[in-house]
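Residue numbering for the sequence shown follows this note's numbering, starting at 6 and increasing by one per position. We put the beta carbon where it would ideally sit given N, CA and C, even for glycine. Working notes, structure below.
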Amino acid sequence: MADTYTWDISQLDRKLSDGVVYQIHWGYTASRTVDSKDYTKRSYGSLGLKTTPTPDPLIPYADLTKDKIIEWLTSELDVDSMKTNLTAGIDLQVTPVDGYGVPW
C-alpha cells in the first residue's frame with residue numbers, strides 16, 4: 006500500500022505590528038498500513054521566511070489558510086526528498102534490519 010503524507014502546522018511566528026509571518030513550524034508525516042498494523046514516520050522543522058521586502062500583496066494574518074502556508078513550504082522545501090526519507094523509515098519499521106537489547 007502507498008504511503009499517505011500529511012502536513013501539520015504547529016505554529017506561525019509573526020510580527021505583532023503588521024502581522025507578517027517570519028517563521029513556520031511544521032511537521033510532515035508519512036503513514037502506511039501493512040497487515041492491519043499502522044506505521045508512521047515524521048519529519049519536523051521550521052522554515053524562516055524572507056520578510057523584506059514585505060510580501061506583495063500582504064495577506065492579513067487572520068486571512069492566512071493552512072493551504073497557503075503549505076504552498077509556501079512546498080515552494081521552499083525538497084518535499085520529494087522528504088517523502089523518500091520518510092518512506093525509507095517506514096520500510097525499516099515494517100522490515101527491520103537491526104535488533105536491540107541483551108540476550109539474557
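Taking the alpha helix (DSSP H) that residue i belongs to, which residues open and close that run?
i	result
Val99	84-99
Using only CA atoms, which one of the options lies nearest to residue i?
i	options	result
Gln16	Thr70, Ser41, Pro62	Thr70
Gly53	Trp109, Thr45, Ser22, Ile74	Ile74
Asp85	Asp23, Arg19, Tyr33, Asp13	Tyr33
Asp72	Trp31, Ala7, Lys20	Trp31
Ala7	Pro62, Ala93, Pro108	Ala93
Grouping DSSP H, G and I as helix and E and B as strand, with all else coil, what is residue i?
i	result
Ile64	coil
Thr79	helix
Asp72	helix
Let's see if you can read the secondary structure: which residues bound the beta strand (DSSP E) around residue i?
i	result
Gly32	26-39
Trp12	9-19
Lys46	42-53
What whole-angstrom Cβ distance do residue i and residue j have, given they're in contact under 8 Å?
i	j	result
Tyr66	Val39	With 8 Å as the limit, Tyr66 and Val39 do not qualify as a contact, their Cβ atoms being about 41 Å apart.
Ile95	Lys46	5 Å
Leu91	Ser48	6 Å
Does the Cβ-Cβ distance between residue i and residue j come in under 9 Å?
i	j	result
Ser36	Thr9	yes
Leu78	Ile29	yes
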